[in-house]
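Student: So the protein sequences, as listed, match chains W and F. So the first sequence is numbered by this note's numbering: it starts at 1 and just counts up by one. So the second sequence is numbered by this note's numbering: it starts at 1013 and just counts up by one.
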Amino acid sequence: MKYWKGIEELESTPEFMQSAFAEFMPVKESHESKDATSAPRRDFLKLMGFGVAAATLASCETPVRKAIPYLNKPEEIDPTISNFYASTYFTGADYNAVLVKSREGRPIKLEGNPESPITQGGLSARAQAAVLSLYDGGRLQHFAIKKGSTHEKAEFAAFDSEVRGKLAGAGRIAIVSPTIISPSTKRAIAEFASRYPNTTHVMYDTQSVTGLLQANNGVVPGYDFGRANVIVSLGADFLGTWISPVEYARQYVRNRKVRNDKRSMSRHYQFETAMTLTGSNADIRVPVKPSEMGAVALALYNAVVGGGESSYSNAKLTQAANDLKASRGTGLVVSGSNDPAVQTLVAAINQALGNVGTTVDLNAPSYVRQGDDARMTALVNDMNNGSVGAVIFYNANPVFNHPLGAKVKSGIAKVPVTISLNDRLDETGILCQYAAPDSHWLESWNDFEPKRGFLSLSQPVITPLFQTRQAQESLLHWAGNNTTYYKYLRATWRALTPNDAAWDKVVHDGVATGTALPAAPAMMTAALSPAAAISQINSAPKANGNAVELALYEKVGIGAGGCEANNPFLQELPDPVSKATWGNYVAIPRAMAVANKWEQNDVVKVTGNGYSIELPVLIQPGQTNGTVSIALGYGRTLAGKAGDQVGANAAPFAMATANGIMYNNVVTLTKTDATSPIAQTQTHHTLMDRKPVVQENSLAAYIKNPKEVTEYEKIATPDGLEKPNKVSLWQDYQYNNHHWGMAVDLNSCIGCGSCVIGCQTENNIAVVGKQQVINRREMHWMRIDRYYSSKAHKTDFEEKGKVSTYAAMEDPSENPQVIFQPMMCQQCNHAPCETVCPVLATTHSSEGINQMTYNRCIGTRYCANNCPYKVRRFNWFSYYSNEKFETVNGHMFTDLGRMVLNPDVTVRARGVMEKCTFCVQRIQLGKLEAKKQKRRPVDGEIVTACAQSCPTEAIVFGDMRDPNSRISQLLRREDGERAFHALDSINVQPNVTYLTKIRNAESEFFGKEENA
Amino acid sequence: MQHVSALREPLVTGGKTLHDVTQDICYQVEAKPNLRWMAALSVALFFLGVFFYSVYRTVWYGIGEWGLNKTVNWAWDITNFVWWVGIGHAGTLISAVLLLFRQKWRSSINRAAEAMTIFAVICAAMFPVLHMGRPWLAFYVFPLQNTLGSLWANFNSPLLWDVFAISTYFTVSLVFWYIGLIPDFASIRDRAKGPIARFSYSMLSFGWKGSAKAWSRYETVSLILAGVSTPLVLSVHTIVSMDFATSVVPGWHTTIFPPYFVAGAIFSGFAMVLTLMLITRVVFRLEDYITLEHIALMNKIMMVTGSIVGVAYITEFFIAWYSQVEFEQYAFINRATGPYWWAYASMMTCNVITPQLVWLRRVRYSIPLTFILSIIVNIGMWFERFVIIVTSLHRDYLPSSWAMFSPSIIDIGLYVGTLGLFFTLFLLFAKFFPVINMAEVKTILKYTVDNGPTYNPAKAVHHAPAHPAAPGVPASAPVTYTKHD
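#1: With a floor of 3 residues, list each beta strand (DSSP E) that falls wholly inside the segment 61–129 of chain W, ordered by position along the chain.
#2: What's the C-alpha gap between residue 537/W and residue 608/W?
#3: Counting C-beta neighbours from all protein chains within 10 Å, is the total for residue 19/W 16 or more, i.e. buried, or is it exposed?
#4: For residue 459/W, which three-state DSSP category applies?
#5: Helix, strand or coil: how does DSSP classify residue 1020/W here?
#6: Please name the residues in the segment 240–252 of chain W whose beta-carbon is closer than 9 angstroms to at least one beta-carbon of chain F, in chain order.
#7: By a C-beta neighbour count over all protein chains shown, 10 Å radius and 16 as the cutoff for buried, is residue 1371/F buried or exposed?
#8: Which one or two residues does DSSP pair with residue 1303/F in a beta bridge?
#9: Suppose you measure from the CA of residue 13/W to the CA of residue 41/W; what does that come to, to the nearest Å?
#10: If contacts are defined as beta-carbon pairs under 8 angstroms, then residue 1170/F and residue 1164/F qualify, I think. What distance do you get, rounded to the angstrom?
#11: What separation, rounded to the nearest whole angstrom, lies between the Cα atoms of residue 679/W and residue 769/W?
#12: Note down the Cα distance separating residue 650/W from residue 552/W, rounded to an integer number of angstroms.
#13: What does DSSP give as the partner residues of residue 627/W in its beta bridges?
#14: Taking Cβ-Cβ distances shorter than 7 angstroms, what residues in chain W pair up with residue 1150/F?
#15: Looking only at C-alpha atoms, which of 430/W, 80/W, 102/W sits nearest to residue 147/W?
#16: Distance check for residue 808/W and residue 270/W, CA to CA, integer angstroms please.
#17: For residue 174/W, count the other beta carbons within 10 Å of its own beta carbon; 16 or more makes it buried, fewer makes it exposed. Which is it?
#18: Who pairs with residue 1093/F in a beta bridge, going by DSSP?
#19: Are the C-beta atoms of residue 1414/F and some chain W residue less than 8 angstroms apart?
#20: Should residue 1249/F be flagged as near chain W, meaning a C-beta pair shorter than 8 angstroms?
#21: Taking 8 angstroms as the CB-CB limit, is residue 776/W close to chain F?
#22: Would you report the Cα separation of residue 33/W and residue 48/W, rounded to the nearest angstrom?
#23: State yes or no: is the C-beta of residue 384/W within less than 8 angstroms of the C-beta of residue 411/W?
#24: Hey, which unbroken runs of the alpha helix (DSSP H) at 4 residues or more fall wholly within the segment 786–818 of chain W?
#25: Note the first and the last residue of the continuous alpha helix (DSSP H) segment covering residue 414/W.
#26: Using a Cβ-Cβ cutoff of 7 angstroms, what residues of the segment 831–852 of chain W are near chain F? List them in chain order.
#27: Determine the direct distance from the alpha carbon of residue 1455/F to that of residue 1463/F, and round the result to whole angstroms.
#28: Would DSSP call residue 688/W helix, strand or coil?
#29: Got a sec: which bits of the segment 783–806 of chain W sit with their beta carbon under 8 angstroms from any beta carbon on chain F, in order along the chain?
#30: Would you identify the three-state DSSP class for residue 1271/F, choosing helix, strand or coil?
#31: Near residue 99/W, what residues of its chain come up, given a Cβ to Cβ distance below 8 angstroms and the 5 sequence neighbours on each side ignored?
#32: Helix, strand or coil for residue 1446/F, going by three-state DSSP, please let me know.
#33: When you compare the CB of residue 1145/F with every CB in chain C, is at least one pair closer than 8 angstroms?
#34: Expressed to the nearest angstrom, what Euclidean distance is found between the alpha-carbon atoms of residue 1044/F and residue 1107/F?
#35: Is DSSP giving residue 868/W helix, strand or coil here?
#36: Mind pulling the chain W residues with CB within less than 8 angstroms of residue 1342/F?
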């Protein structure tokens, strides 16, 4: 059987047969190209043309980025599915139990661990931002040995043998660290000390509480602000920075939340110098000078315990004392002073009031502060007199953050062997011979005991990014123990978790009960008796009334130690009170500015303690007259690209006295000719009596009638006054499935800014840097508006005229009340932004969310203009590729930094509008999870990033269509009582509801008549 | 045949003949560019360079090059946009509305005024495109067919209405202007000596023959286009005003905006026409065509519209008080007494107070004073838009977001850059196109001496005339007049 391929083959003509089996068909000669040479020439040109074109095309090809699949996929890692691992954040300041969200093996976000009995799912702003520090390019990426003036890379083995040799002949060895609450680390240090018997371990805290420790037998008592009905704080910023702010904030709001059936709340008195986050939440705040703090404590002591003369008298102090006496056993007095005399009196007051055992728990003390100033001072002196043979700095940077930094520096030069375990060549590390960078805590195993009886674990969620080694392992190696730290830690826990199942549970939960931390060494100075404390206070040199007193404080974002300085998230986190970012400043009271004719941003030279710095002034309402405040932790020089030269270092102003370090001093200020703008995210500070924006009322009014604490705007209709939403030109949307909503309890919100960073991490929000913040272009989707009360009110209109009253309303009171209002996209049901977009880039979802379609946005910014809440943020520049932003937004520029980005959220292009989406990616994830399991999403399963880690649970998020959801219940309960919408009368119908703030004092925000 | 009033003075002075008109107008096109023109063009080209540099910075780096912020998202960009669109209005008013009302005096200024409209709209159109974050996607605003689904433009958005308003306006104005140019291009073509000129102008004149039929059609088309353009005088700025009026921003959300904006547009447009005409008539020696009478008439229109605008300003304050809306009241108190009070004061002075000087005859017939006045009004109207846009936005609902705006160098560069663009176009137009509509001016000439009464200045004035013209002199003879009301 044969098939023919064509009619020619079938016919088999001679012409066909001639060419049938030839490889090439004969060239058909055209009438032009008879000449055989002409055809190849043209072909050559054609081929060459083609070749050039092809080569050009080929060279234009985009480089292939390889995505390499797992050869053997780890069992628990599925692409696009996040894993959560329990871990712990503690870098010497505040303790937070965290859940690490990991995507394809990269930690991308930290959330609060609800299992923790201490932080209960809350997370501080610093902890939120810590994940960015993991990918910090400023970290030292390998071990290094100083040769000449530079550090050269060294291999582990060579490094270890050299260090071991040096240590063996060093004589006295000192390990300097911040407070360590890890039982296993302490065991490792102990093992090191047993190998090198002449070893001392010195802990110092950058915000020292030595005085408190001394007054309480070397421990920080456990406090319970939730059980207290009267809280008196003598300068302790316990909601912001003092000891364990997340834990305290959680407790604090427990007795601050009110509802119809619980019309009571604690009363909070704050005596302080600078306006702190805590002071701005206080019901009654009294500004005092740092030099008066002893007298205030004494006066309170005298008023409560009885007897004695007090040089300080204040009606509000008397009131506080009376309140304390009236609620014996349910009061709480705390002090942020580091003066042992003050702390002794405070302890005595609590004792006298019977608060010990109720609000003060001496049996479950906190371990997060153990630093003894006297020990550190002694060590610094020893280093300088040459009696220290080797010093190891373990995550400690005393050259920068200790008041005796200059002496530490000169001391290091006299110590033969200097080793730094710090994660970078910082101010201290650069001076050390050996640098053995510690791994980041997200790369490490560790354990913690923040409070007696409460344990927690951290586990590595990524292999070390660099050639670093856990500090504990380094210490063990030098001690001759070559075990891994994991095995070492496991051994510590053997007693607590006898079997693997128990251990696995601890690793899973991240927290456990039990105690393992060895007792801290006794304080070098003995405790004082109250009588001795009183005489110490009375004999203290009286401060000159005209001298300017400086109070040093710690910011909520950048800690006193400045170790977060290279974290641009925290640098750009607005200070909760001043709303300043990127740097510190001299906070001065208005009176001082007026007297000296200084204006905000004028640079002054601050001189004191033989040290001087130049910083701009910021007029801070509430700052005590005759005092100024400067934040610690700024002015790093070797922190990294983002953190260097931001502000100035104020640590040397602190006084290292025999009683410990005093964070205050007397300084002189002289104005320079320079000005330096302070980057504030809010430049208008008063509410202008705008009740439709935010509301508050007094507890007395709430007790009387909860239905009258909120003023609801009504509009005139033919049928009389009605709610604004009764009249509408618009058709309402139908929400058949879900209707997402949020409620923010202004009574619970303390303004800490944790949500701001949570949102920033979750949603890949760009950091824009100081200049752009000055230009008012910060990108935060969520912000916390802070308003000060003013003396002027609308009630003055008739008397003083509108124009001058409005002008007066712009000035805050000298010691104003403060209200915080978290502000994010209100997801309006009648959204003004949606109608004005010419290209439908912002539209309404079927679940009530106002959604942004970045691809479609052409950037007319009309939506932002028309947003009454001004929550829309525009990408003025290409923040991920414009070299101007490489310093501050570096994590979007490098492969290393980009690992932190949330793959579920687009990095927005230049020229595109963006805003809060109610974390639509989390909503989508929750819905899909529920759908996979063929069920409805459960209430609480879907939460936004801000609500997830709010330390005070001020934000409730949920489905308003679900009648049993927490938000539905809350809104039903508070409807007509505290629930209100911001700017209700313009009828944009927000899906965010606020709950009126209730103040346990007379409210000064609105005029008297309106309060009535 | 035209009726010539014995009382009303002629619209073209100097006793021009038809040939004189052709000669005077074409001379500018045919002669070598004079030095003053070259100098002016160099300055304009320099600013055009500034414009291109500013555009480069804006498009390459982003809108961040401007001074805008999270609170004030529009400032100089939209101020300039509205200002330029407003300026364009006078041209349309002159060419369309005055044509329909048979205001013959318009003939000598309509060409230049229409050109001004077109160039002003070109300058205006720069801003809506440049102010976009992603101008390369500007075509999204057109209701183009979408292959990806049902995504279309948002017909609720005033910005979309703007797109239609401005594009319609530009198209109609361009067509109207060009139709008027055709007979004049033909005249130039017929006179042209060089081959390039002959070719170019014959292309531009679309082979105009000047037949009676062509003229008849020309007249008809002019009338139709005038009819089409007339609503545009009202609609364009009405729609532009809706960018603000339909929003929720206190100070923008105002129903008075459409008439207020239209009046303001005509106001600023006439100011700009005056500025340009006063220069052109001197540079191109067109004093006989653009007479003091023209200037006085335009001054009057400016004064009337300026007064309307003034009433609107006051009405806004009244409504703010009357409404009892807290935010609205504060917006206006802040406008007048807040940090931008100086902008408000400039606006009030320039737009409301200074135009009232036109009541004085001396001012309205004075060329230097009119010129200064026209500049002042241009400045005032720019401030009006700045006041509306920036002072409303910078302090709206939430005091936490209140912010100040200060322009960047690029903001300023774009603004003066569009002035450069405008004057470059206008100077090129003035050199290469006939700046006065020869064909129409010829129709208003008194050229048949015996065919009707002759204008007699002695009879026309009610008080003693100061000029020596003898009665009964033919209008075609060279006569000099001094002007009167």
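The beta-carbon is built from N, C-alpha and C at its ideal position, and this holds for glycine as well. Note that the structure is a prediction, hence the values are computed from the model and not measured.
Tutor: Based on what the coordinates show:
#1: 82–89, 96–103, 106–112
#2: 23 angstroms
#3: exposed
#4: coil
#5: No statement about residue 1020/W is possible, as the shown extent of chain W runs from 1 to 1012 and does not include it.
#6: none
#7: exposed
#8: Partner(s): none; residue 1303/F has no beta bridge.
#9: 35 angstroms
#10: Between residue 1164/F and residue 1170/F the Cβ distance is about 16 angstroms, and since that is not below 8 angstroms, they are no contact.
#11: 9 angstroms
#12: 7 angstroms
#13: 549/W
#14: 858
#15: 430/W
#16: 27 angstroms
#17: buried
#18: Answer by DSSP bridge pairing: none, since residue 1093/F is not bridged.
#19: yes
#20: no
#21: yes
#22: With a pLDDT of 47 at residue 33/W, under the threshold of 50, the modelled position of this residue cannot be trusted, and the question is left open.
#23: yes
#24: 797–800, 802–809
#25: 405–414
#26: 832, 835, 836, 837, 838, 839, 840
#27: Residue confidence is low: residue 1463/F scores 49 on pLDDT, short of 50, so the model does not pin down where it sits. No coordinate-derived value is stated.
#28: coil
#29: 783, 785, 786, 787, 802, 803, 806
#30: helix
#31: 84, 85, 86, 87, 110, 111, 112, 113, 510
#32: coil
#33: In the displayed structure, chain C is absent; the protein chains listed are W and F.
#34: 30 angstroms
#35: coil
#36: 688, 806
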